[in-house]
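Under our numbering, residues 58 to 308 are what the sequence shown spells out, in order.
No residue lacks a Cβ here, since even glycine has one placed at the ideal position from N, Cα and C.
Since this is a predicted model, take the numbers as computed values, not measurements.
Before any comments, here is the structure.
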Amino acid sequence: MPLEFLKRKSGESVPSDEAEQSSPSIPGMPEEVVAQEYILKLYYAGKSSEGVRMKAGPRALQELPGMLVGMAKSEIETVEPLPIEFGQATPVISRPSEAMQWINAHHVHSPITRHALVVLESIDAIDLAFDTFVCSLLDGEVDTSGYPEYNAVVGGVASHWDETTGDMIVRAVVGWGGRGVRGDTDRIGARLLGGLLTNILANQFAMGITPTERPVPAAGRGGLVCAHCGFASAHERAFYCPKCGMRLLRG
Ligand SMILES: [Zn+2]
């Protein structure tokens with residue numbers, strides 16, 4: 058009878074016969090608890106194409122925004138790789154230190170770009186330790202505050218430097234999501250991904266699809282400083298500066 062103490066004021070004694078029969082008799086206690094249910098289903102999804110190798114080296118960075126021309130339905134924004142002081146940035150508000158880094162790194166961007174970063178970082182489709190991300194609204198509407206609706210498709214191209222050759226590798230990336238899901242968004246996303254990949258392959262420096270895998274960021278201190286642009290990389294494996302694509306000097 059673990060609830061017995063609830064019935065008793067301190068110092069009050071309970072007759073033994075009453076104690077034996079009293080456990081089911083708490084006033085108003087139903088046989089089963091009627092629970093009010095609360096639930097929020099967040100749905101984030103995205104797609105990433107294979108990578109396309111570009112032969113122009115660091116000069117190819119300027120080509121990225123042009124790959125969205127004809128598909129962008131908002132301003133085209135470029136998000137550069139994050140320096141080491143933002144190495145823990147994560148769009149998760151219950152982790153205040155990581156969230157503050159994320160906000161400090163991204164508050165300058167548009168609502169569309171921030172939404173795209175939340176979706177694509179949450180599902181690991183991009184990693185700003187080494188990716189440069191060029192982004193726009195691609196399909197659908199924004200709300201009155203300028204944030205994409207759950208079925209709007211955002212994205213563009215993401216690039217990183219191949220650790221073996223130093224070539225820039227560009228892939229198409231799209232994403233969508235929020236408090237809802239619609240059946241045709243996946244098909245629209247696939248069509249947009251194809252359009253972006255076509256644009257990447259049509260670029261003057263494109264050499265074709267490459268099987269190169271994305272770099273795996275090492276957990277660690279990072280901290281190589283680029284002698285060319287001063288960028289302090291949070292990406293320990295980087296041979297090439299994630300920001301400007303020039304060779305990093307070790308030691
Ligand atoms: Zn650099």
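Contact set for residue i: own chain, Cβ-Cβ below 6 Å, skip 5 residues either direction
i             : result
glutamine 158 : Phe143, Gln145, Ala146
alanine 284   : Leu306
glycine 108   : Ile226, Arg228, Thr267, Thr269
glycine 213   : Leu125, Val191, Cys192, Ser193
threonine 242 : Asn208, Trp233
tyrosine 101  : Val176, Ser179, Ile180, Gly234
Exposed unless 16 or more other CB atoms sit within 10 angstroms - verdict on residue i
i              : result
threonine 255  : exposed
threonine 189  : buried
proline 153    : exposed
asparagine 161 : exposed
glycine 85     : exposed
alanine 224    : This sequence places aspartate at residue 224; alanine is not what is there. The residue is buried, with at least 16 neighbouring Cβ atoms inside 10 Å.
glutamate 94   : exposed
leucine 104    : Contrary to the premise, residue 104 reads as lysine rather than leucine in this sequence. Lysine 104 is buried by the Cβ-count criterion.
isoleucine 150 : exposed
alanine 247    : exposed
arginine 239   : exposed
methionine 58  : Residue confidence for methionine 58 is low, a pLDDT of 47 falling below 50, so the modelled location carries little weight; the figure read from the coordinates is stated next. It counts as exposed.
Heavy atom of ligand 1 within 7 Å of residue i beta-carbon
i                 : result
lysine 300        : yes
phenylalanine 143 : no
phenylalanine 288 : yes
methionine 225    : no
histidine 217     : no
methionine 124    : no
histidine 285     : yes
leucine 157       : Before going on, a small fix: residue 157 reads as methionine here, not leucine. Not under cutoff, so the answer is no.
methionine 128    : no
methionine 303    : yes
Straight-line gap, residue i to residue j (C-alpha atoms, nearest Å)
i                 : j              : result
asparagine 260    : glutamate 293  : 30 Å
leucine 125       : glutamate 134  : 10 Å
alanine 295       : leucine 281    : 8 Å
valine 165        : glycine 203    : 14 Å
cysteine 298      : arginine 244   : 36 Å
glutamate 270     : serine 106     : 12 Å
phenylalanine 187 : alanine 92     : 47 Å
alanine 263       : leucine 195    : 22 Å
leucine 121       : leucine 185    : 16 Å
glutamate 132     : isoleucine 169 : 9 Å
glutamate 89      : leucine 97     : 25 Å
alanine 156       : glycine 197    : 28 Å
valine 210        : proline 87     : 48 Å
methionine 128    : threonine 222  : 30 Å
Sequence-distant residues of its chain with Cβ nearer than 7 Å to residue i (five each side left out)
i           : result
alanine 289 : Pro140, Ile141, Gly280, Val282
Beta-carbon proximity list for residue i, same chain, < 8 Å, skipping 5 on both sides
i              : result
glycine 308    : With a pLDDT of 49 at glycine 308, under the threshold of 50, the modelled position of that residue is not reliable, and the figure given next carries that caveat. Around glycine 308: no qualifying Cβ.
methionine 303 : Pro115, Cys283, Ala284, His285, Cys286, Tyr297
glutamate 178  : Thr147, Pro148, Asp184, Leu185
leucine 99     : Gly234, Gly235, Arg236
Ligand 3 heavy atom lying under 7 Å from the CB of residue i
i             : result
threonine 135 : This structure lacks ligand 3; its bound ligands are ligand 1.
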